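Heads up: the structure comes next, in structure tokens.
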Amino acid sequence: YEVSGKTYYDNNNSANYQVSTSKPTTTTATATTTTAPSTSTTTPPSSSEPATFPTGNSTISSWIKKQEGISRFAMLRNINPPGSATGFIAASLSTAGPDYYYAWTRDAALTSN
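Here it is, written out as structure tokens:
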């Protein structure tokens, strides 16, 4: 799950959910008394702490941090690749297995702007 504070994305259900602001949740417990033949033990209630909203999945967050540099390099590699016209932005640089070297004019224009 990736939580941004306003929405969270559930990868298992491929759904994006709105996060609503709510008051902290507290739980109240009563003391428990146990009596045995000559001893008595009282256990105080557990402390109630407000529930906190998760800040995100540390695994996906660390992956995103690593992936950012990889993706940035790949994007920049596709701008003006060797042998292309100035300003050319490749959608795919693959020339073998499969030969799929192409560009989308619309995407190149959006990337340039």
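In UniProt numbering, the protein residues as written are 1 to 113.
Note that the Cβ used here is the ideal one computed from N, Cα and C, for glycine as well.
What you are looking at is a predicted structure, and each value in this text was computed from that prediction instead of being measured.
The three-state secondary structure of S62, taken from DSSP, is helix. Shortest Cα-Cα distance from G83 to any of L93, A74 and M75 involves L93. 9 Å or more divides the Cβ of A90 from the Cβ of P98. For T95, the beta-bridge partners assigned by DSSP are D99. Secondary structure of A109 (DSSP, three-state): helix.
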